[in-house]
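Listed in order, the protein sequences are those of chains A, B, C and D. Counting from 1297, one number per residue, gives the positions in the first sequence under my numbering. Counting from 1297, one number per residue, gives the positions in the second sequence under my numbering. Counting from 1297, one number per residue, gives the positions in the third sequence under my numbering. Counting from 1297, one number per residue, gives the positions in the fourth sequence under my numbering. Please read the structure below before turning to the comments.
Number of protein chains: 4
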Amino acid sequence: MNTQQSYRLSNRMSHMDNSVIRVGDKAIGGGRLAVIAGPCSVESKEQILELAKNVKECGADFLRGGAFKPRSSPYSFQGMKLEGLELLKQAGKETGLPIVTEIMSADMIGRFVEDVDVIQVGARNMQNFELLKELGKTTKPILLKRGLSATVDELLMSAEYIMSEGNSNVILCERGIRTFETYTRNTLDLSAVLAIKKLSHLPVIVDPSHAAGLWWMVEPLAKAAVAVGADGIMIEVHNDPANAKCDGQQSIKPERFKSLMDVLRKDIS
Amino acid sequence: MNTQQSYRLSNRMSHMDNSVIRVGDKAIGGGRLAVIAGPCSVESKEQILELAKNVKECGADFLRGGAFKPRSSPYSFQGMKLEGLELLKQAGKETGLPIVTEIMSADMIGRFVEDVDVIQVGARNMQNFELLKELGKTTKPILLKRGLSATVDELLMSAEYIMSEGNSNVILCERGIRTFETYTRNTLDLSAVLAIKKLSHLPVIVDPSHAAGLWWMVEPLAKAAVAVGADGIMIEVHNDPANAKCDGQQSIKPERFKSLMDVLRKDIS
Amino acid sequence: MNTQQSYRLSNRMSHMDNSVIRVGDKAIGGGRLAVIAGPCSVESKEQILELAKNVKECGADFLRGGAFKPRSSPYSFQGMKLEGLELLKQAGKETGLPIVTEIMSADMIGRFVEDVDVIQVGARNMQNFELLKELGKTTKPILLKRGLSATVDELLMSAEYIMSEGNSNVILCERGIRTFETYTRNTLDLSAVLAIKKLSHLPVIVDPSHAAGLWWMVEPLAKAAVAVGADGIMIEVHNDPANAKCDGQQSIKPERFKSLMDVLRKDIS
Amino acid sequence: MNTQQSYRLSNRMSHMDNSVIRVGDKAIGGGRLAVIAGPCSVESKEQILELAKNVKECGADFLRGGAFKPRSSPYSFQGMKLEGLELLKQAGKETGLPIVTEIMSADMIGRFVEDVDVIQVGARNMQNFELLKELGKTTKPILLKRGLSATVDELLMSAEYIMSEGNSNVILCERGIRTFETYTRNTLDLSAVLAIKKLSHLPVIVDPSHAAGLWWMVEPLAKAAVAVGADGIMIEVHNDPANAKCDGQQSIKPERFKSLMDVLRKDIS
């Protein structure tokens, strides 16, 4: 079932150098660790603005925040949607941080292209091929997360769906896979980062927050991600995790994020 | 992580009797085994019409056939799309069989509602929540396939996305899950049929073709599905599997389908 | 990683007919469904004798009962050990049923060869190669259970360990594999029965009790096992499941076992 | 299914400080990274002696080498057995490195206690409870590897089997788990290191060679293991991987091991 010969545009053979995806004056890939941080979801104007300032001060490069939230249950909080997007955009503008947020349907692409700096495709939509193809027609950087049980092969083929439509600004993200182990929410697969970098020239980032689902694992797993050569990390930061509207138990507080950044930036420089 | 209390509309507690989904003069649920058969994808007018006649003669209740195909690679055959849908519709009309085919994006819903009798949501889109919500606004029967690594809980919550928008015509489908075993394409999980019937009143069918990925396993697995109480089965039938445009190795020939039907219908009556 | 060419003695190519393993006047393989039934563990003289009579009356061919119990925790009930073995032997003698029980270490082989009719190797010891080799030096029928995450390939290679030492009386057992799904204890993989029968001439039985871990799934899964062509089934029966010393929730009561047997024997004859 | 309350002797609640397992003048746990290195299997006197000198020079603390090899197939090389053990012992003596090697059956314990410094229990025997109990009656350090599909809970319960017999010198080892991903041999689960350290006071090491099964992943994964706080690493080193009798593709050459050690020792000091 090796489809390696089928990668074309994402294949390292077609582009020996590592790709660098530029976003304004920032970049993902190319040597400097890119740090994307922010809350799981935008909850209010104050919350997102305060967190944006916090993570910026600590040295984050990008602000993340969910406006449209894919939840297993329709009865769970679904995000602030367009209002959340607007708040995220304002927080980005005020801090100068480019923003990253998840898209859930193709009909929002126009709005996202206008307002968002990096469009995220979540794990559950990794094989929503129609969405991928439509995103391929834009020139926006796309952050494509690995599906819960997607192989590295399949992740690269999904990247190929975007690239074959003309958009080569694809960033891949390892966020844990589903296994029999229930102690953690998912099992972070750092070998996948190495496999992807062998097979492809695209940059790869790691999301230790979703992988582990436990805030106290985020820092050591982030360091491990750097150790295997990830191009960036994506971290959930919340000022009040106990009352977060989603995923509070995997979010770290700003002060802990600061100490993580101090360690990571020191290791690199 | 038990979200059982969160099922509302799909929950057996809210509807003690088994639901029966009616499609014209056919039904899924309610005691008689529903058989959906046809090729993986529509390939030509002759092919789909011949197969439609074949499966009808053998006693199939529904005609299946892919027009829009979700393939891991963008370079694989993607289906005949609208042309395929048209041919499928004609074959359905000529044989009187209601048709079942997969939808891949919300912008096709209008067309599908008009032309299709049962709209299938594939495994890869089981958590494409925006698509589910849009389908929930129609009254069409929806055949919702279990995701590759979705728990029974998550499958029911996805049904809930459709039902909470107003459409309670949901049929669930077990089609194998992803495990470490590589001999079969997926691992058919027949316990899931039992679990779903315990938790929910919705009908459940089984797709042994996709589960095993091996044509010679289809017949015994179909019989096993009936043994655990599945409300229906979905079988890939092709007149020339060796040259099928997709999934040939999991398709059975019409003569074998006939003998399977003879066995199944005898067991039941 | 296909090691199919490495099967020698278990390979169907080396022995086109199905093997039949004879145990006294009983047999496993060869067309008639073999039924092994009894409690998870021997708990007292009265318990095992009563159950032995019960299952015999219902038509079971073999009496099972654990004397040495492999438990995840050393603080859980470990079985009545030699005393349990003695009680099981007496119950077998009194009812005329051959007995099946699990061995946990090579130093017990002498005793088991003398007292036991079919020696079971549990899932956790499927790759305890030293034990397999020692069992290969006897002529006793060995019931080899599939490991929790063993592939069909690996199961057959473990059979090969026994057979290459000279003992070809090997019966294989599918008992569920470990997956991400937590509703059931394991995921019963009935495709494995089909795969094994394709690759090998050895008989295969199914243990729906351990697979599902839920008593109410045992009957339908047993029927499904018969539907795919299993040579036998292994069923946990207990007269007082609520107070069983282990695995009570997956044990059925004698009256339910009787009705299962009525159905199974009717289907076959 | 949380059995956390069942850990007794391995439980951090019973022993708040990290345990340090002493082996001669070496230690595992306690801050300094322990490095265990050597070939998958002992192949000849020259091979093991040369490799022992090599890894010692590079700064390894322990010499590993398989004498008894658990192989999926009985027709694969099974190790040099007692002869291999003798050669490993001599190589250990000549270099002053304590030796680590795998035991496969309880009847070898006497010999292992005499000749071996750390007795390894392999993944396939993690739930060979009789072997664990017998090892619990010695005072030898036991290196217990996580089973292919064992949860962290189960690994700790297996440690408990050893400890409850009186031997608290247990070192745990994460060596990758079995998942659906086939690019790597197993999926290294570094979160497990964090989970174990939270739940238990026992030291944990990581085996990146077996986890990935690919030599070029060993170095970055070893660094990641250090980043999450592993107490040691276990590395397969071979002077001629292309001709190794087993696992050649996951073994690194001595020169690469040297550069890995330079990096690791620098990071720590």
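Just so you know, even glycine gets a beta-carbon here, dropped at the ideal spot from N, CA and C.
Margin query: Can you tell me whether MET1530 (chain A) is helix, strand or coil according to DSSP?
Written below: Start at 1 with the first residue of the first sequence, and residue 1530 (chain A) comes out as number 234. MET1530 (chain A): strand per DSSP, three-state reduction.
Next item on the list: Flag SER1565 (chain D) as yes if its beta-carbon sits less than 8 Å from any beta-carbon of chain A, otherwise no.
Entry: Here residue 1565 (chain D) refers to the residue found at position 269 when the fourth sequence is read from its first residue. Note that SER1565 (chain D) scores 46 on pLDDT, short of 50, meaning its location in the model is unreliable; the coordinates nonetheless yield the value given after this. Closer than 8 Å: no.
Item checked: Candidates D:ARG1420, D:GLY1525, D:LEU1384, of which the one nearest ASP1411 (chain D) by Cα -> Taking the first residue of the fourth sequence as position 1, residue 1411 (chain D) is located at position 115. Considering only alpha carbons, the answer is D:LEU1384.
Notebook entry, point to check: The beta strand (DSSP E) with ARG1407 (chain A) in it runs from where to where?
Noted result: In the first sequence, the residue the question calls residue 1407 (chain A) occupies position 111. It is not in any beta strand (DSSP E) - ARG1407 (chain A) instead sits in the alpha helix (DSSP H) that spans 1405-1411.
Next item on the list: Spell out the partners DSSP gives LYS1441 (chain C) in its beta bridges.
Entry: Translated into the one-based positions of the third sequence, residue 1441 (chain C) becomes position 145. C:CYS1469, per the DSSP bridge assignment.
Next item on the list: Mind checking which residues open and close the alpha helix (DSSP H) that includes LEU1427 (chain B)?
Entry: On the second sequence, residue 1427 (chain B) is found 131 positions in, with the first residue counted as 1. Per DSSP, LEU1427 (chain B) belongs to the alpha helix (DSSP H) from 1425-1432.
Check: What residue range is occupied by the uninterrupted beta strand (DSSP E) comprising VAL1417 (chain B)?
Finding: Against the second sequence, residue 1417 (chain B) aligns to sequence position 121. Taken as a continuous stretch (DSSP letters only), the beta strand (DSSP E) holding VAL1417 (chain B) covers 1414-1417.
Next item on the list: Verify whether the separation of the beta carbon atoms of ALA1348 (chain B) and LEU1393 (chain B) is less than 8 Å.
Entry: Within the second sequence, numbered from 1, the residue matching residue 1348 (chain B) stands at position 52. Within the second sequence, numbered from 1, the residue matching residue 1393 (chain B) stands at position 97. Closer than 8 Å, so yes.
Next item on the list: Taking C-beta pairs closer than 7 Å, name the residues in chain C that PRO1516 (chain B) reaches, listed in chain order.
Entry: Reading the second sequence from its first residue, position 220 is the one you call residue 1516 (chain B). Neighbours of PRO1516 (chain B) on chain C, chain order: LEU1490, ALA1523, VAL1524, GLY1525.
Note to self: Check for me: the beta strand (DSSP E) holding GLU1477 (chain B) runs from which residue to which?
What the structure shows: Taking the first residue of the second sequence as position 1, residue 1477 (chain B) is located at position 181. Here GLU1477 (chain B) belongs to no beta strand (DSSP E), and DSSP marks it neither H nor E.
Notebook entry, point to check: For SER1565 (chain D), which residues of its own chain have a beta-carbon under 6 Å away from its beta-carbon, when the five flanking residues on both sides are left out?
Noted result: Start at 1 with the first residue of the fourth sequence, and residue 1565 (chain D) comes out as number 269. Residue confidence for SER1565 (chain D) is low, a pLDDT of 46 falling below 50, so the modelled location carries little weight; the figure read from the coordinates is stated next. Once the five neighbours on either side are set aside, SER1565 (chain D) has no close Cβ partner at all.
Checklist line | Residue from A:PHE1553, A:ARG1561, A:PRO1537, A:ILE1529 whose Cα sits closest to the Cα of GLY1325 (chain A) | finding: One-based indexing of the first sequence puts residue 1325 (chain A) at position 29. For GLY1325 (chain A), the nearest C-alpha among the options comes from A:ILE1529.
Item checked: Within chain A, the residues that ARG1474 (chain C) reaches when beta carbons sit closer than 7 Å -> Here residue 1474 (chain C) corresponds to residue number 178 of the third sequence, with the count starting at 1. In chain order: PHE1476.
Checklist line | Under 7 Å from the C-beta of MET1513 (chain A): neighbouring residues of chain D | finding: Residue numbering aside, residue 1513 (chain A) sits at position 217 when the first sequence is read from its first letter. The answer, in chain order, is SER1487, LEU1490.
Item checked: Opening and closing residue of the alpha helix (DSSP H) in which ILE1492 (chain C) lies -> Sequence index remark: in the third sequence, residue 1492 (chain C) carries index 196 (1-based). Note, ILE1492 (chain C): alpha helix (DSSP H), 1486-1495.
Checklist line | contact_flag[the stretch 1313-1322 of chain D, the stretch 1468-1483 of chain D] where n(CB pairs < 8 Å) is 3 or more | finding: no
Item checked: Identity of the residue in D:ALA1387, D:LYS1554, D:LYS1441, D:ASN1535 nearest ASN1424 (chain D) by Cα -> Taking the first residue of the fourth sequence as position 1, residue 1424 (chain D) is located at position 128. Considering only alpha carbons, the answer is D:LYS1441.
Note to self: So with CB distances below 7 Å, who are the chain A contacts of VAL1302 (chain D)?
What the structure shows: Counted from its first residue, the fourth sequence places residue 1302 (chain D) at position 6. A small correction: the amino acid at residue 1302 (chain D) is Ser; Val does not occupy that position in the sequence shown. Simply none; closest approach about 15 Å.
Next item on the list: Give the interface partners of THR1483 (chain D) over in chain A, defined as CB-CB distance under 8 Å, in chain order.
Entry: The residue labelled residue 1483 (chain D) in the question sits at position 187 within the fourth sequence. Chain A residues near THR1483 (chain D): ILE1473, THR1475, THR1483, ASP1485, SER1487.
Item checked: Interface flag, PRO1267 (chain A) vs chain B, CB-CB below 8 Å -> Outside the displayed span of chain A (1297 to 1565) sits residue 1267 (chain A), for which this structure offers no information.
Check: Which chain D residues are close to PHE1373 (chain C), counting only those with a beta carbon under 8 Å from its beta carbon?
Finding: Along the third sequence, one-based indexing puts residue 1373 (chain C) at 77. Those do not exist, as PHE1373 (chain C) stays about 13 Å from chain D at its closest Cβ, beyond 8 Å.
Margin query: For VAL1331 (chain B), would you say it is in contact with chain C, using Cβ-to-Cβ distances shorter than 8 Å as the test?
Written below: Residue mapping note: residue 1331 (chain B) aligns to position 35 of the second sequence, counting from 1. No - not a single Cβ of chain C is within 8 Å of the one on VAL1331 (chain B).
Check: Of all the residues that make up the stretch 1410-1426 of chain A, which are near chain B by a beta-carbon distance shorter than 7 Å?
Finding: ARG1420, ASN1421, GLN1423, ASN1424, PHE1425, GLU1426
Check: Taking C-alpha atoms, which residue in D:SER1340, D:ASP1527, D:GLY1525, D:VAL1500 lies nearest to LYS1377 (chain D)?
Finding: Within the fourth sequence, the letter at position 81 stands for residue 1377 (chain D). That would be D:SER1340, whose Cα lies nearest to the Cα of LYS1377 (chain D).
Notebook entry, point to check: If contact means a Cβ-Cβ distance below 7 Å, which residues of the stretch 1436-1447 of chain B contact chain A?
Noted result: LEU1444, SER1445
Check: By DSSP, does ARG1561 (chain A) sit in helix, in strand, or in coil?
Finding: In the first sequence, counting from the first residue as 1, residue 1561 (chain A) sits at position 265. In the structure shown, ARG1561 (chain A) sits in a helix (DSSP, three-state: H, G or I).
Notebook entry, point to check: Any idea which residues DSSP pairs GLU1593 (chain B) with across the strands?
Noted result: The displayed coordinates of chain B run from 1297 to 1565. Any statement about residue 1593 (chain B) would go beyond what the structure contains.
Note to self: Taking DSSP's pairing of strands, which residues face ASN1307 (chain B) in a bridge?
What the structure shows: Reading the second sequence from its first residue, position 11 is the one you call residue 1307 (chain B). DSSP lists B:SER1496 as partners of ASN1307 (chain B).
Note to self: Count Cβ pairs between the stretch 1491-1510 of chain A and the stretch 1546-1554 of chain A that sit closer than 8 Å; are there 3 or more?
What the structure shows: yes
Next item on the list: Below 8 Å on the Cβ atoms is my guess for SER1445 (chain C) versus ARG1471 (chain C); work out the distance and round it to an integer in Å.
Entry: On the third sequence, position 149 is the one that residue 1445 (chain C) refers to. On the third sequence, position 175 is the one that residue 1471 (chain C) refers to. Rounded, the Cβ-Cβ distance is 12 Å, inconsistent with contact.
Checklist line | LYS1322 (chain A) - partner residues in DSSP beta bridges | finding: Position 26 of the first sequence, counted from the start, is the residue given in the question as residue 1322 (chain A). A:VAL1319, per the DSSP bridge assignment.
Checklist line | Endpoints, beta strand (DSSP E) assigned at VAL1331 (chain A) | finding: The sequence position of residue 1331 (chain A) within the first sequence is 35, counting from 1. Run containing VAL1331 (chain A): 1330-1334, per the beta strand (DSSP E) assignment.
Checklist line | Inter-residue Cα distance where the pair is TRP1512 (chain A) and LYS1562 (chain B) | finding: For the purposes of this step, residue 1512 (chain A) is taken as the residue at position 216 of the first sequence. For the purposes of this step, residue 1562 (chain B) is taken as the residue at position 266 of the second sequence. C-alpha separation (whole angstroms): 59 Å.
Check: When we look at the beta-carbon of GLY1334 (chain C) and count the other beta-carbons within 10 Å, is it buried (16 or more) or exposed?
Finding: As a position in the third sequence, residue 1334 (chain C) is number 38, starting the count at 1. Buried, since its Cβ has 16 or more Cβ neighbours within 10 Å.
Notebook entry, point to check: Thinking C-beta only, is SER1337 (chain A) closer than 8 Å to GLY1388 (chain A)?
Noted result: The count along the first sequence starts at 1 and reaches residue 1388 (chain A) at position 92. The count along the first sequence starts at 1 and reaches residue 1337 (chain A) at position 41. For GLY1388 (chain A) and SER1337 (chain A), no; Cβs fall outside 8 Å.
Check: Quick one: is LYS1562 (chain C) near chain B, going by C-beta distance under 8 Å?
Finding: Within the third sequence, the letter at position 266 stands for residue 1562 (chain C). Chain B, which has no Cβ nearer than 8 Å to the Cβ of LYS1562 (chain C), makes this no.
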